[in-house]
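Below is one structure; the comments refer to it alone.
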């Protein structure tokens, strides 16, 4: 059973979807897709099945660093 990851809602779900669909870079596109799916409430297991990653894959991006 997958667990839920809570996201701090910095961007609305529709904006995450727009960025996912607009991205031309494969790595960036995958990253936006994972964030978009998590924001919809998908579990880690559900996300891994759709995005093709293992549930132990770590999500990180510079924009996730704490704002100062």
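Numbering (my numbering), first residue to last: 3 to 70. No residue lacks a Cβ here, since even glycine has one placed at the ideal position from N, Cα and C. All of these numbers come straight from a predicted model, not from anything done at the bench.
Rounded to the nearest whole angstrom, the CA to CA distance from residue 23 to residue 45 is 21 Å. If you draw a straight line from the Cα of residue 20 to the Cα of residue 39, it is about 12 Å long. Assignment of residue 35 by DSSP, reduced to helix, strand and coil, places it in the helix class. Secondary structure at residue 23: helix, using DSSP grouped into helix, strand and coil.
As the crow flies, the alpha-carbon of residue 12 is around 11 Å from that of residue 37.
Distance from the CA of residue 16 to the CA of residue 35, rounded to the nearest whole angstrom, comes to 12 Å.
Rounded to the nearest whole angstrom, the CA to CA distance from residue 51 to residue 42 is 15 Å.
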